[in-house]
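Have a look at the structure below, then the notes.
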Amino acid sequence: MVFEELESYIKSTGLLVQDLILGEEEWIIVGGIQLTAGPHAGTVCEVAIPRSKAVPWAPEAKIHVRPHLVPMDAAKYASRPSSVGDDWQYLSRRFDPVPTPAGYMAFVLSALEEL
Amino acid sequence: VPDHEMQSLAEMDLSIAMSGPIDIALVKHFDKGPRQEDLTFAYWKPSRGATRYSALLNQLALPADDERILQGNVAFTDEYLGRVLDKCPEGHGIALLHSHFTPGWQGMSRDDVIAEQDRLASVVAGRTLLPLVGLTWGTDGTWSGRFWFRVARFEYEKREASTIRVVGEQLRISYHPKLRPVPQLLDSEIATRSVWGDEAQNDLARTRVGVVGLGSVGSIIAEALRRTGFRLLTFVDHDRLEERNLDRTLGSIWSDLGKFKVTIAERLARQSHLGTNLEIRTIQESLVKSPAAIAAALDCDAIISCVDRPWPRDVLNKMAYMHLIPVVDGGILAEVKKGSVVCVDWRIHTLGPQRTCLYCLGAQRRGDAALEQSGQLENPDYIKGLSEADRERYKGRNVFVFSLSVAAHEVLQLVGLLSGQQRVGGTGPQYYHAYPGEMEVEETRLCDENCDIAPLVGTGHQLVQFPQTMESAREAPRSLVRRLLRKIGIGDA
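Just so you know, the sequences run in chain order A and B. Note that this note's numbering gives residue 30 to position 29 of the first sequence, counting from 1, and the numbers run on in steps of one. Note that this note's numbering gives residue 302 to position 301 of the second sequence, counting from 1, and the numbers run on in steps of one.
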């Protein structure tokens, strides 16, 4: 799988995808992600994913999310400040299966809903 | 073309590589009996090291019955060539492969030269911006090969490949008799030769082996390789010797503190029985942070991975498949509870085409490399939050004697891989349990059906996404090579 496949999949689900350039890094911002379960059910958030030319694409061990869903630097949530911006935070999460677009997005959603 | 530019390109070693299944398909295609030659086109991707430029054959474009003329010798039709040019995948070069009736490294007949130099070199370079590659198959399975570079307008010149590598269950290398000659027999290695024979020993001596990581396992492997008669070695490690390494780094002494580990390994090797017959390259940089370290690894025919970190292991795993450089890898797991040993296990396996990758073997988890990149493996809070089993996994406990055993088995797998002697290297991945003292051996198998590494055999993809600033530094010499390639071989035909 390559990054473009992930991006196409996300767009095909109807989520809003915007580009963001931060210095030498390019990101996509996935907007309109509605959490439907867990303590943040009903919250609409954004997730930032760095663009990558790597083949095969391998996800970062970080989920960058806006707004902050949990306290920052909390060991319990493995939450840290994100390089995307002050209003973002990242959650340290490892992804071990072979990445597929649907599999990765399901992983992101479940990570946010089980906080 | 100025002489100095031609000379600069002339310094690059040329090689051609293919996977075992491609070699098997070609042999099947060429098997027309003793009186009929045959041919086919194939597509290839480039792999650039620091001193070696390789063509990685990754796709055959076999002819239909009416696309070549078989009359004892063989010729391709214009229609066949047209189809191959039309269907050439982006970023790929084109190779013409044909069979001969005799064994060994092959010369070229007048007809061969006309086909490659006059009919193909210009049109292929014009279509692909890459030089035409020619290969000839000898009846004993030996491949010979060459690249056609442009030396002047409408004039193409042949440069021979020094090696053709077939990478499968065995790493079978055809050596150019003059560019990689049979090495001089040394009296000091007669005992070693008496075990697996002159032919195997000559192959070991002509194979460039990289050792990545010169710590506890790597320092022993470096010693074992040169005592086994490997004469072309590349050592890669960015680490310097610390006091805590002294008990496990072979050859290290107190006054070595602060020295690069590759320097210590090199010093030891230079004192060996091989003397001036040894050629060692040392790279004091990290595989995941330095384009130069990656380039040095891409110059190797085979690599032994002695890194204990998941990110460089992930890079070497990809290199084994994408760049057709088999990697012998190992790992040690020593679990300790309340000061007592719970278990000590180690594993040894070889990665590459027709073999299971690191992830499908379960030797590493896919998320490990990303975790290291994120810096979490250095974060005590994160480590504290892991399960006990995971915390043990990342501790990397080890003592010299564990390393000694892993190193021995890794070198044996390498010798088995190169010589094809299973009775030396074993048949597949090995798992040793110190208690009760048992070696489990698996049959070699392929990756899982959904593996994302196995389908990338011979694709030559970039292995590490370096920041642009580093990449531009790397691009400087590369753009020089590209300019030279354009001038003397490709680009404007």
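Cβ atoms here follow ideal geometry from the backbone N, Cα and C, with glycine treated the same way.
Check	Outcome
By the 8 Å beta-carbon criterion, what residues does the stretch 42 to 76 of chain A contribute toward chain B?	53, 54, 55, 56, 57, 59, 60, 61, 62, 63 and 76
Do you know offhand how far residue 449(B)'s Cα is from residue 354(B)'s?	13 Å
Counting along the chain, where does the beta strand (DSSP E) carrying residue 21(B) start and finish?	Premise fails: residue 21(B) lies in the alpha helix (DSSP H), 21 to 31, not in any beta strand (DSSP E).
What number of angstroms, rounded off, separates the C-alpha of residue 217(B) from the C-alpha of residue 238(B)?	12 Å
Could you confirm whether any beta carbon from chain A is found closer than 8 Å to the beta carbon of residue 451(B)?	yes
Measure the C-alpha to C-alpha separation of residue 461(B) and residue 318(B) and round it to an integer number of angstroms.	13 Å
With which residues is residue 35(A) paired in a DSSP beta bridge?	45(A)
Buried or exposed for residue 113(A), going by 16 or more other Cβ atoms inside 10 Å?	buried
Express the C-alpha separation of residue 90(A) and residue 56(A) in angstroms, rounding to a whole number.	27 Å
Using Cβ-Cβ distances below 9 Å, what residues of the stretch 99 to 116 of chain A are close to chain B?	99, 100 and 101
What do you reckon, are the CB atoms on residue 312(B) and residue 407(B) nearer than 8 Å?	no
By a C-beta neighbour count over all protein chains shown, 10 Å radius and 16 as the cutoff for buried, is residue 44(B) buried or exposed?	buried
Should the stretch 256 to 270 of chain B be regarded as contacting the stretch 196 to 205 of chain B, the criterion being three or more beta carbon pairs within less than 8 Å?	no
For residue 405(B), which residues of its own chain have a beta-carbon under 7 Å away from its beta-carbon, when the five flanking residues on both sides are left out?	221
So with CB distances below 9 Å, who are the chain A contacts of residue 1(B)?	Shown here, chain B extends from 2 to 494; a query on residue 1(B) therefore has no answer.
At least one CB of chain A closer than 8 Å to the CB of residue 383(B): is that the case?	yes
Taking beta-carbon pairs under 8 Å, can you tell me which members of the stretch 458 to 469 of chain B lie near chain A?	460, 462, 463, 466, 468 and 469
Who does residue 440(B) pair with in a DSSP beta bridge?	433(B)
Less than 8 Å between the CB atoms is what I'm expecting for residue 411(B) and residue 305(B), so what's the real figure, rounded?	5 Å
Along the chain, which unbroken stretches of the alpha helix (DSSP H) at least 4 residues long are found entirely within the stretch 67 to 100 of chain B?	79 to 87
Within a Cβ cutoff of 6 Å, which residues of the same chain sit near residue 486(B), ignoring the five residues on either side of it in sequence?	Residue placement at residue 486(B) cannot be trusted, given a pLDDT of 47 that sits under 50; what the coordinates show is reported in the next sentence. Excluding sequence neighbours, residue 486(B) sits near nothing in its chain.
State yes or no: is the beta carbon of residue 211(B) nearer than 8 Å to at least one beta carbon in chain A?	no
List the residues of chain A that residue 375(B) touches, going by C-beta distances under 7 Å, in chain order.	61, 62, 63 and 93
Contact check, residue 253(B) vs residue 246(B) under 8 Å by CB: the rounded distance?	7 Å
In or out: residue 147(B) buried (at least 16 other Cβ within 10 Å) or exposed?	buried
Helix, strand or coil: which one does DSSP assign to residue 113(B)?	helix
Does the Cβ of residue 186(B) have 16 or more other Cβ atoms within 10 Å, making it buried, or fewer, making it exposed?	exposed
Taking the alpha carbon of residue 307(B) as the point to measure from, which residue in 210(B), 383(B), 368(B) and 366(B) has its own alpha carbon closest?	210(B)
By the criterion of Cβ-Cβ separation under 7 Å, what are the contact partners of residue 79(A) in chain B?	383 and 386
Identify whether residue 9(B) lies in helix, strand or coil by the three-state DSSP scheme.	Reliability of the predicted coordinates at residue 9(B) is poor, the pLDDT of 49 falling under 50, and the value obtained from them is presented with this limitation in mind. In the structure shown, residue 9(B) sits in a helix (DSSP, three-state: H, G or I).
Please list, in chain order, all residues of the same chain as residue 102(A) whose beta carbon is under 6 Å from its beta carbon, the five residues on each side excluded.	6, 7 and 10
Are the C-beta atoms of residue 366(B) and some chain A residue less than 8 Å apart?	yes
So, for residue 452(B): in the same chain, excluding its five sequence neighbours on each side, which residues have a beta-carbon less than 8 Å away from its beta-carbon?	358, 360 and 361
Any idea which residues DSSP pairs residue 171(B) with across the strands?	In the DSSP output, where bridge partners are listed per residue, residue 171(B) has none listed.
Is the Cβ-Cβ distance between residue 32(A) and residue 21(A) less than 8 Å?	no
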